[in-house]
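Encoded as C-alpha cells, the structure appears first; notes follow it.
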Amino acid sequence: MSYLFEILPSLLSGATMTLQVFALVLLFSIPLGILVAFCLQVHWKPLHYMIDVYIWVMRGTPLLLQLIFIYYVLPSIGVRLDRVPAAIIAFTLNYAAYFAEIFRGGIATIPQGQYEAAKVLKFKPIDTVRYIILPQVTKIVLPSVFNEVMSLVKDTSLVYALGISDLILASRTAANRDASLIPMFLAGAIYLLMIGIVTIIAKKLEKKFSYYR
1 MSYLFEILPS LLSGATMTLQ VFALVLLFSI PLGILVAFCL QVHWKPLHYM IDVYIWVMRG
61 TPLLLQLIFI YYVLPSIGVR LDRVPAAIIA FTLNYAAYFA EIFRGGIATI PQGQYEAAKV
121 LKFKPIDTVR YIILPQVTKI VLPSVFNEVM SLVKDTSLVY ALGISDLILA SRTAANRDAS
181 LIPMFLAGAI YLLMIGIVTI IAKKLEKKFS YYR
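Numbering (full-length UniProt numbering), first residue to last: 1 to 213.
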C-alpha cells in the first residue's frame with residue numbers, strides 16, 4: 001500500500017497532462033469538425049475536393065505517424081512546435097476529420113423541407129443552423145460522437161511518443177525504475193475511470209436530447 005502512495009503523485013501528474021490534452025483536443029476538434037461538415041454543404045467543387053483530400057489523409061494514415069510528421073518533419077521546413085502544441089494540433093486535425101464525417105451523416109438526414117420552411121419564415125442561414133438544424137443533428141450523432149470521445153481518451157496515450165509526461169510515460173517510468181507492473185495496472189485503472197466518467201456524461205446528454213424523439 002505504501003508503494004501505491006509513493007507512485008501515485010507521479011501518475012496523477014501524468015493523468016493531469018493526459019486530461020489537458022484530451023480537453024483541448026475536444027475543445028478544438030468538435031467545432032472544427034462541425035465547420036468542415038457544414039462547408040461540405042456548400043456547392044463549390046474545389047472546396048469539396050480539398051476537404052475530401054484532408055479527410056482521406058487524416059483517416060487513412062495512422063495518428064502516430066501524423067504526430068511524428070508534425071513534431072519531427074515540419075521543423076525541416078522551418079515550422080517548429082513544442083511537444084504539447086504539436087500533439088494538440090495533430091490530434092485536433094485527426095479527430096476533426098472523424099467528427100466531420102459523423103456530422104455530415106447527421107446533416108444528410110435532415111429533410112430539405114426544413115431548410116425551405118426556414119427560408120420562407122425568413123430565418124437567416126446562421127439562425128437556421130443554430131436553432132433548427134444543429135439541435136436535431138446533435139441528437140442524431142451523439143452516440144457516434146461519444147464513441148470517438150472514448151477513443152480519444154485512449155489515443156491520448158500516443159503522446160508519450162513525443163516525450164510528453166502523460167499517464168503512460170509516468171507509469172512506464174515507474175515500472176522500469178521499480179521493476180514492477182503495478183504502475184501499469186494503476187494507469188489502466190485511471191483510464192477506466194476516465195472512460196466511466198465519459199460514459200456517464202454521454203448517458204446524461206442522450207437523456208437530455210431525448211425530447212427530439
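Don't be surprised by glycine CBs; every beta carbon is placed ideally from N, CA and C.
Inter-residue spacing [alpha-carbon to alpha-carbon] between residue i and residue j
{"i": "I200", "j": "G14", "result": "23 Å"}
{"i": "V120", "j": "H43", "result": "21 Å"}
{"i": "A118", "j": "A175", "result": "60 Å"}
{"i": "F103", "j": "A96", "result": "10 Å"}
{"i": "Q41", "j": "L47", "result": "10 Å"}
{"i": "L186", "j": "L67", "result": "26 Å"}
{"i": "T18", "j": "G113", "result": "44 Å"}
{"i": "Y98", "j": "L169", "result": "27 Å"}
{"i": "L26", "j": "M150", "result": "11 Å"}
{"i": "T16", "j": "N94", "result": "22 Å"}
{"i": "T92", "j": "A100", "result": "12 Å"}
{"i": "L65", "j": "Y160", "result": "13 Å"}
Any non-hydrogen atom of the ligand FAD closer than 7 Å to residue i Cβ
{"i": "F5", "result": "Ligands displayed in this structure: none; no statement on the ligand FAD is therefore possible."}
Residue of the options minimising C-alpha distance to residue i
{"i": "A87", "options": "I70, I102, E101 and A100", "result": "I70"}
{"i": "K208", "options": "S180, K139 and L193", "result": "K139"}
{"i": "G105", "options": "S210, I195, T61 and I34", "result": "I34"}
{"i": "S210", "options": "L162, G188, P143 and M194", "result": "P143"}
{"i": "A90", "options": "D178, A189 and T61", "result": "T61"}
{"i": "P135", "options": "T109, L152 and V149", "result": "T109"}
{"i": "F5", "options": "K204, P183 and L65", "result": "P183"}
{"i": "L193", "options": "L167, T128 and L158", "result": "L167"}
{"i": "V84", "options": "G188, A23 and V57", "result": "A23"}
Three-state class that DSSP yields for residue i in the structure shown
{"i": "I164", "result": "coil"}
{"i": "G113", "result": "helix"}
{"i": "G33", "result": "helix"}
{"i": "S180", "result": "coil"}
{"i": "F146", "result": "helix"}
{"i": "F69", "result": "helix"}
{"i": "G78", "result": "coil"}
{"i": "P135", "result": "helix"}
{"i": "residue 215", "result": "The structure shown has nothing for residue 215, since the chain only spans 1 to 213."}
{"i": "K124", "result": "coil"}
{"i": "P62", "result": "coil"}
Extent of the continuous alpha helix (DSSP H) to which residue i belongs
{"i": "H43", "result": "Careful: H43 lies outside any alpha helix (DSSP H) and carries neither H nor E."}
{"i": "R83", "result": "R83 to A108"}
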